[in-house]
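Heads up, the sequence shown is in our numbering, so the first residue is 752 and it goes up one at a time.
Here a beta-carbon is modelled for each residue, glycine too, at the ideal position from N, C-alpha and C.
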Amino acid sequence: MSHGNMAEEVLNSAKMIIGDTIDYPTVNMKQDDGIEGTIKKLKKALEVYKESSEITIMVDLIGGTPCNAALLEASIDSRIKIISGLNLGMVIESAFSDAKELAVKLEKIGKDNISIVEPIMSLLSDDE
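Structure below.
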């Protein structure tokens with residue numbers, strides 16, 4: 752779930768890397784959706800998980816409308832776990848992980864994917 756098309760585009764990027772092995776529903780909140788419109792989109796997306804024992808929802812930002820909509824749904828559906836900080840590494844990892852305890856695993860993956868990247872001078876050398 753995200754503001755704008757981020758959720759859909761992160762999923763598309765994951766498919767570029769690992770193929771069409773994943774096909775999660777995405778909820779893309781538009782400018783005029785508000786909380787009600789976002790909840791409506793979320794309910795529709797959750798229909799495919801009627802038989803699931805645990806549902807992990809990845810959201811872009813704590814406190815944003817997508818997160819708040821997910822929190823409202825989680826308050827009436829104990830199967831829902833929410834993780835913020837949606838990123839490509841989390842989506843890819845979710846494709847290869849069991850649904851049980853997925854939120855805990857994704858939290859670690861999300862944090863591990865945040866780094867200050869320093870250039871490796873040997874790779875940037877023109878000597879080769």
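Counting pairs of beta carbons, one from the segment 813 to 827 and one from the segment 840 to 850, are three or more of them closer than 8 Å?
No contact exists between the segment 813 to 827 and the segment 840 to 850.
Helix, strand or coil, according to DSSP, for residue 807 in the structure here?
DSSP places residue 807 in strand when its eight states are reduced to three.
What is the DSSP secondary structure of residue 767, reduced to helix, strand or coil?
Helix.
Does the beta-carbon distance from residue 757 to residue 808 come in below 8 Å?
Taking 8 Å as the Cβ cut-off, residue 757 and residue 808 do not qualify as a contacting pair.
Give the secondary structure of residue 779 by DSSP, where H, G and I count as helix, E and B as strand, and everything else as coil.
Residue 779: strand per DSSP, three-state reduction.
I need the straight-line Cα distance from residue 828 to residue 801, nearest angstrom please.
The alpha-carbon atoms of residue 828 and residue 801 are separated by roughly 11 Å.
My parser needs the beta strand (DSSP E) runs of 3 or more residues fully inside the segment 824 to 850; what are they?
831 to 835, all fully within the segment 824 to 850.
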